[in-house]
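Step one of this worksheet: look at the structure below.
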Amino acid sequence: MRVFLLMVALAFITRAEGQELPSGARMLEAGSTHSLDVPPFSFFGSAQSDNEGNLYFHVDAGSFRKPVVLKLEHSSGDPTLYTLEDEGLKKTTFLNFSVAPSGQVSILSQQTDKRIYLLRFTSKGDLAEKVALDLPEYMSAQTFVAFDTGTVLVSAYYLADAPDHLRGKGLMALFDVSGKMLKNLSANTEEVDLANVSRHLTEGGGTVGPDGNMYILQANQIVVISGLGKIMRRIRFHKPEGTIASKLAVSQNLVSIWFLREGPKQKMQKQDVTAEYLVLDLLTGKPFGYYVPGKELGQAAIAVAFSGREGFTFFDTQDGHVELISSPLR
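Counted from 1, the sequence shown has number 6 at position 22 by our numbering; the numbering is strictly sequential.
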């Protein structure tokens, strides 16, 4: 398999100057720094991690549409690339990706036939399987979560070219290894405002927790779903005004939620986006702490990972290589 790193500058997202901190927020400070022998690269969206703490990125290979995922080993920084051969790249549009707890990478994609396919990869980064999902037409995928068993959950919504009674409505379902729908969970979805959905950051996310259940993030709650599609519990939380709940991570007895805040739009400039983090006690659902990045974290202002042991991990570049900065909980 071809392995490469993109020698391009990372587009950093920083905390807005003069922005007031939420009441009771705790400041995240830089702890230990782990330098990797990896040159800078840019990536889209949120990073993911597996049970070993390895990090996975949808790297910028020239377009968001290209299905290219890069793994960095937690300790050594050794890279593995998950992608397709040139001919496959031409026919495939990236939608989302998911990393199972074991580290198996799956990419959700759309092909030239307009169908949505699940691409499963080997540990070496080679395509192992291409599976068509039993999804209806005119849909845009949002949340995508893969189990080690091969079962996946997909949350999506109907686009404007769908029948009138379906436009903007959500669909969430479990699919088996063959792509067949196992269970329809659409009663747990929220309707999408099609007129504004593309103007803002996407809300929601999902992951598999250490208990083997799926944790699906919505605007004001986390829905916990078993591998068989049973709703186990709902963990409700208060979302700060003006933020978007965009990602969650579950580790030990804690769950962390990423809240992104969009700054004012600037002409000819990228819109500032800042991050704040709510950590909940997984057993009680009560707040453990609310965190914001301190100034010393500088440009590494949005965490790429969270664990109960190490706290938050931030991605930065210094002197032509990647650095991972840990910020323990306080």
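Backbone N, C-alpha and C define an ideal beta-carbon position, used for all residues, glycine too.
Measure the alpha-carbon distance for residue i versus residue j and round it to whole angstroms.
i: Thr76; j: Leu137; result: 20 angstroms
i: Gly213; j: Asp160; result: 11 angstroms
i: Thr133; j: Gly189; result: 20 angstroms
i: Gly154; j: Asp21; result: 43 angstroms
i: Lys50; j: Ser26; result: 13 angstroms
i: Pro224; j: Asn204; result: 10 angstroms
i: Lys98; j: Ser19; result: 42 angstroms
i: Val331; j: Val207; result: No information on residue 331 is available, as it lies outside the stretch -15 to 314 that the chain covers here.
i: Lys270; j: Leu264; result: 6 angstroms
i: Ile241; j: Leu111; result: 32 angstroms
i: Ser16; j: Asn35; result: 20 angstroms
i: Ile215; j: Pro23; result: 43 angstroms
i: His58; j: Pro147; result: 47 angstroms
i: Ile219; j: Tyr141; result: 23 angstroms
i: Leu308; j: Ser47; result: 25 angstroms
i: Ala179; j: Gln32; result: 29 angstroms
i: Ser60; j: Phe299; result: 15 angstroms
i: Pro120; j: Ser139; result: 12 angstroms
i: Val306; j: Pro194; result: 28 angstroms
i: Tyr101; j: Asp256; result: 34 angstroms
i: Leu54; j: Asp177; result: 33 angstroms
i: Ser230; j: Thr173; result: 15 angstroms
i: Val52; j: Tyr274; result: 33 angstroms
i: Gln94; j: Leu68; result: 13 angstroms
i: Asp118; j: Arg217; result: 27 angstroms
i: Gly87; j: Met123; result: 28 angstroms
i: Asp70; j: Glu113; result: 17 angstroms
i: Gln202; j: Thr135; result: 21 angstroms
How would you call residue i, buried or exposed, if buried means at least 16 neighbouring beta carbons within 10 angstroms?
i: Asp303; result: exposed
i: His149; result: exposed
i: Arg104; result: buried
i: Leu39; result: buried
i: Ala45; result: buried
i: Ala144; result: exposed
i: His42; result: buried
i: Asn197; result: buried
i: Arg267; result: In the sequence under discussion, the amino acid at residue 267 is Leu, which differs from the Arg named in the question. It is exposed - the Cβ of Leu267 has fewer than 16 other Cβ atoms within 10 Å.
i: Ala289; result: buried
i: Ser210; result: exposed
i: Ala171; result: exposed
i: Ser30; result: buried
i: Ser107; result: exposed
Taking the CB atoms as reference points, tell me whether residue i and residue j lie closer together than 8 angstroms.
i: Ala157; j: Lys164; result: no
i: Leu313; j: Leu244; result: no
i: Val234; j: Thr297; result: no
i: Gly152; j: Glu187; result: no
i: Pro63; j: Leu73; result: no
i: Ile200; j: Thr96; result: no
i: Ala14; j: Ser311; result: yes
i: Leu92; j: Ala125; result: yes
i: Tyr66; j: Gly37; result: no
i: Val115; j: Ser162; result: yes
i: Gln236; j: Gly292; result: yes
i: Thr258; j: Ala285; result: yes
Since residue i and residue j should fall inside the 8 angstroms C-beta cutoff, what is the C-beta to C-beta distance between them, to a whole number of angstroms?
i: Thr227; j: Glu260; result: 7 angstroms
i: Gly247; j: Met11; result: Between Met11 and Gly247 the Cβ distance is about 20 angstroms, and since that is not below 8 angstroms, they are no contact.
i: Phe81; j: Val89; result: 7 angstroms
i: Phe272; j: Leu238; result: 6 angstroms
i: Ala84; j: Phe131; result: 6 angstroms
i: Phe221; j: Leu262; result: 6 angstroms
With hydrogens ignored, establish whether the beta-carbon of residue i is closer than 7 angstroms to any heavy atom of the ligand FAD.
i: Tyr261; result: Looking at this structure, you won't find the ligand FAD or any other ligand, since it has none at all.
Would you say residue i faces chain B, with C-beta separation under 8 angstroms as the test?
i: Met216; result: The chain labelled as chain B is not found in the depicted structure, where only one protein chain is given.
Next on the checklist: If we require 3 or more residues per run, which beta strand (DSSP E) segments fall completely within the stretch 144 to 212?
Outcome noted: 154 to 159, 165 to 168, 189 to 192, 198 to 201, 205 to 209
Item to check | Those runs of the beta strand (DSSP E) which lie wholly inside the stretch 67 to 147 and span at least 3 residues | outcome: 76 to 83, 89 to 95, 100 to 105, 111 to 116, 123 to 130, 136 to 142
Checklist entry - Can you give, in chain order, each stretch of the beta strand (DSSP E) that sits fully within the stretch 12 to 49 and has at least 3 residues? => result 17 to 19, 27 to 33, 39 to 43
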